[in-house]
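If you read the sequence shown in our numbering, its first letter stands for residue 3, the second for the next number, and so on.
All C-beta atoms, glycine included, are put in the ideal place defined by N, C-alpha and C.
Computed from a prediction, not measured in an experiment: that's the story for all the values here.
First comes the structure, then the notes that go with it.
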Amino acid sequence: MRRNVSTSRDQNALPFRRKGRKGVLAYALPWERRLLGLLLLAFFLTAALYVYFVIASIFHVADRQELMSRITATKAGVSVLETAYLAKTEGITESYAIGEGYVENPKQIFVERDTAVSIRNVR
Numbered sequence: 003m004r005r006n007v008s009t010s011r012d013q014n015a016l017p018f019r020r021k022g023r024k025g026v027l028a029y030a031l032p033w034e035r036r037l038l039g040l041l042l043l044a045f046f047l048t049a050a051l052y053v054y055f056v057i058a059s060i061f062h063v064a065d066r067q068e069l070m071s072r073i074t075a076t077k078a079g080v081s082v083l084e085t086a087y088l089a090k091t092e093g094i095t096e097s098y099a100i101g102e103g104y105v106e107n108p109k110q111i112f113v114e115r116d117t118a119v120s121i122r123n124v125r
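Structure, rendered in C-alpha cells:
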C-alpha cells in the first residue's frame, strides 16, 4: 500500500519556474541576499578603484615625461646663461671696475648654487 505524501507548492516546482523571485535568490535568506549585495558592491567598488588608479598612474607617467623635458630645457637655458656670463666676464678688468665706481669688499663672500635640479624645483 502506497502512502499519500503531502508536498508544499515549493516542492512541486523548480526555482526558476516559480512566479515572483526567480533563480538562486528565490530560496535565499534575507541576510544571504544582503551579503550577496554587499559582495557585489565591494566587487564593483574595487574594480572602479582599480581602473581609477591605473588611469592615474598613466597620467603621472605622462606628467613625469613632460617635467623631465622641462628640466632638460631649463638646464640648457642655464648653460646658455652661464656661457654668456663667462663671455662678458672676459671684458671686465680691475681698472674697468674701478672706473665704473666699484670698490673692493674687505670681506670675501662666496656664492653657491645647487647643481641638481629636482622635479620639485621645476613646478
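Quick check on DSSP: helix, strand or coil for residue i?
i	result
I57	helix
R4	coil
L31	coil
K109	coil
Y104	coil
R115	coil
T91	helix
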